[in-house]
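Worksheet: one structure, shown below.
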Amino acid sequence: MPGLLGILLLGILFRNISIINRNLFINDAIGSLLRKFAFLIILLRAGLGLDAKALMELKGACVFLAFLPCTFEAFTVAIASWLIFKINFSFGLLLGFVLAAVSPAVIVPAMLELRTKRLGIDKGIPTLINAAASIDDVYAITWFSLILSSITSGSEDNSSQIWTIIRAPLEVIGGIILGGILGVILWIFPDPKLTSIKLRRISLLLSLSFSALFGTEYLGLETVGPIAVLILGFTAAFQWRQLSRLECLKEEKLLKNAWDYIGLPFLFCLIGYQLNLEQVKIG
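Going by the UniProt record's numbering, the sequence shown opens with residue 1, and the numbers climb by one from there.
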């Protein structure tokens, strides 16, 4: 059985076996924090794993792969929901972007494994798919937030709806700028001459990433954080690799261990734990 499926089923069992569920208390706030931590780790791994040269050569393919499949799938689901289930088109489109979003938690580790084995490196395939998957996910989240805000503010004046539409691209641009600034900070600090440079780097990388993700969420700018974390990892790694081709190996290994032993099991187990079979009605 694939490891991810096993962990997911374990979470479902924890929720639906009464003797376990009665004695297992999972605080919603802590569960949400752990899921966001796992999301942060996978975004950092994606950012550190991007090859700037390959990305520039494949930027056109990356844009098409990131936006076209997601958009087409979301609108297909929306139209099918409207025709078959008579669901309002806006809600159908909301559902479409939920289903269309890819899972970086599945794709990014697989592509990094390909890169480790030197498979597809010459044509930049791991970088292309990693970048497209990360952008696809942020794109779907942005549209989901935009449509949800439009639905919930449907009774408000037009100026509020216009601001909702304008806000989405502004948050994307803000995330890119914030991530770039934080990444450049890691070009300067810590000083490469210091001892334990790798530990200092990973500590600063995680600290700045946490600040970006949770700080922007606190300010109500949910889209800014994930983009900033992705760009932060990419920008920092770009400079580190200029110093040496081996500069990022230690950081990548530490993040891989954090994902394998903390992020992955907690994320998929908590996702499975959300499924309460008693609430599933047939008919």
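Glycine included, C-beta positions come from ideal geometry on N, C-alpha and C.
- Each of 138, 115, 163 was checked against the Cα of residue 100, and the nearest Cα belongs to 138.
- For the pair residue 56 and residue 128, the Cα-to-Cα distance works out to about 10 Å.
- Contact between residue 229 and residue 34 fails: their C-beta atoms lie close to 16 Å from each other, not under 8 Å.
- Rounded to whole angstroms, the gap between the alpha carbons of residue 82 and residue 253 is 47 Å.
- In this model, residue 240 and residue 85 are separated by some 52 Å (Cα to Cα).
- In this structure, DSSP gives residue 87 a state outside helix and strand, which the three-state scheme calls coil.
- Taking the CA atoms as reference points, residue 143 sits about 11 Å from residue 67.
- When the Cα atoms are used, residue 77 and residue 97 turn out to be separated by approximately 9 Å.
- Each of 266, 278, 275 was checked against the Cα of residue 3, and the nearest Cα belongs to 266.
- Setting aside the 5 residues that flank it on each side, residue 221 is surrounded in the same chain by 171, each with a C-beta closer than 6 Å to its C-beta; the list follows chain order.
- The closest CA to that of residue 94, considering only 150, 116, 50, 162, is found on 150.
- In the DSSP annotation of this structure, residue 259 is not part of any alpha helix (DSSP H), being labelled neither H nor E.
- Contact between residue 37 and residue 263 holds, since their C-beta atoms are separated by about 7 Å, short of 8 Å.
- Look at residue 26 here: in three-state DSSP terms it is coil, with no helix or strand label.
- Under the three-state reduction of DSSP, residue 274 is assigned to coil, being neither helix nor strand.
- The alpha carbon of residue 237 has as its nearest neighbour, out of 184, 268, 210, the alpha carbon of 184.
- The DSSP-derived three-state label of residue 123 is coil.
- Distance between residue 199 and residue 27, taken at the CA atoms: about 31 Å.
- For residue 198, the enclosing alpha helix (DSSP H) has its first and last residue at 197-218.
- Of the other Cβ atoms in all chains shown, 16 or more fall within 10 Å of the Cβ of residue 109; this residue is therefore buried.
- By alpha-carbon distance to residue 8, the top candidate from 186, 105, 50 is 105.
- In the three-state DSSP reduction, residue 252 falls in the helix class (H, G or I).
- A direct Cα-to-Cα measurement between residue 242 and residue 52 gives close to 11 Å.
- The three-state reading of DSSP puts residue 223 in coil, since its state is none of H, G, I, E or B.
- Annotation: the continuous alpha helix (DSSP H) that includes residue 11 extends over 3-16.
- With 16 or more other Cβ atoms inside 10 Å of its own Cβ, residue 130 counts as buried.
- When secondary structure is reduced to three states using DSSP, residue 53 falls in the helix class.
- Note on geometry: alpha-carbon atoms of residue 103 and residue 274 lie some 17 Å from one another.
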